[in-house]
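Visitor: Going left to right, the sequence shown walks through residues 37 to 151 as our numbering numbers them.
Encoded as structure tokens, here's the structure I'll be asking about.
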Amino acid sequence: MRSTADPARLDRMFFALADAHRRNMLGLLSRGPASVSELAAPLGIALPSAVKHLAVLEQGGFVASHKAGRVRTYQVEPKAFKVMEAWVTQHKTQLNAQFDRLDAYLAGQKGKTPR
């Protein structure tokens with residue numbers, strides 16, 4: 037069974053989630069939209085670093101931004117989480133099927149005497 041998500045897109049998504057600062061930013065954004073400075077301050081990171089992290093999150097599809105005047109505001113994009121959830125569900129289903137086959141095999145081996 038093949039994944040329905042584009043492999044390059046999944047790579048960008050997993051890369052985006054691979055950093056603690058980016059995951060923390062997503063946690064902050066789950067409360068509502070926020071500016072770069074509102075995201076950088078609680079994490080104790082410089083604005084240029086926050087901008088770079090947010091660019092990675094945007095490339096991964098996890099956030100969207102809009103600019104009003106001099107302020108850029110970010111918000112969570114729920115569609116990205118649905119893609120990740122579908123990928124995890126698919127792989128969980130495949131893994132469970134493998135364990136079910138192993139259980140069936142082991143159950144068939146019970147009572148058989150070794151030669």
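Where a beta carbon is used, it is the ideal one built from N, C-alpha and C, also for glycine.
Give the straight-line distance between the Cα atoms of Leu83 and Arg137, rounded to the nearest whole angstrom.
Guide: Translated into positions along the sequence shown, residue 83 becomes position 47. Translated into positions along the sequence shown, residue 137 becomes position 101. Roughly 52 Å between the two C-alpha positions.
Visitor: Can you tell me the Cα-Cα spacing of Ser66 and Asp47, whole angstroms?
Guide: Within the sequence shown, numbered from 1, the residue matching residue 66 stands at position 30. Within the sequence shown, numbered from 1, the residue matching residue 47 stands at position 11. Rounded to whole angstroms, Ser66 and Asp47 show a C-alpha spacing of 22 Å.
Visitor: Tell me whether the stretch 56–76 and the stretch 103–116 touch, counting them as touching only if at least three CB pairs, one residue from each stretch, are closer than 8 Å.
Guide: yes
Visitor: Helix, strand or coil for Gly144 per DSSP?
Guide: Within the sequence shown, numbered from 1, the residue matching residue 144 stands at position 108. It is helical.
Visitor: Confirm, please, whether the CB-CB distance from Phe98 to Ala56 is below 8 Å.
Guide: Counting from 1 along the sequence shown, the entry for residue 56 is found at position 20. Counting from 1 along the sequence shown, the entry for residue 98 is found at position 62. No; because the gap between Cβ atoms is not below 8 Å, this pair is not in contact.
Visitor: If you draw a straight line from the C-alpha of Leu90 to the C-alpha of Met61, how long is it?
Guide: By 1-based counting over the sequence shown, the position of residue 90 is 54. By 1-based counting over the sequence shown, the position of residue 61 is 25. Whole-angstrom Cα-Cα distance: 8 Å.
Visitor: Determine the direct distance from the alpha carbon of Gln134 to that of Lys118, and round the result to whole angstroms.
Guide: Reading the sequence shown from its first residue, position 82 is the one you call residue 118. Reading the sequence shown from its first residue, position 98 is the one you call residue 134. In a straight line, the C-alpha of Lys118 is about 24 Å away from that of Gln134.
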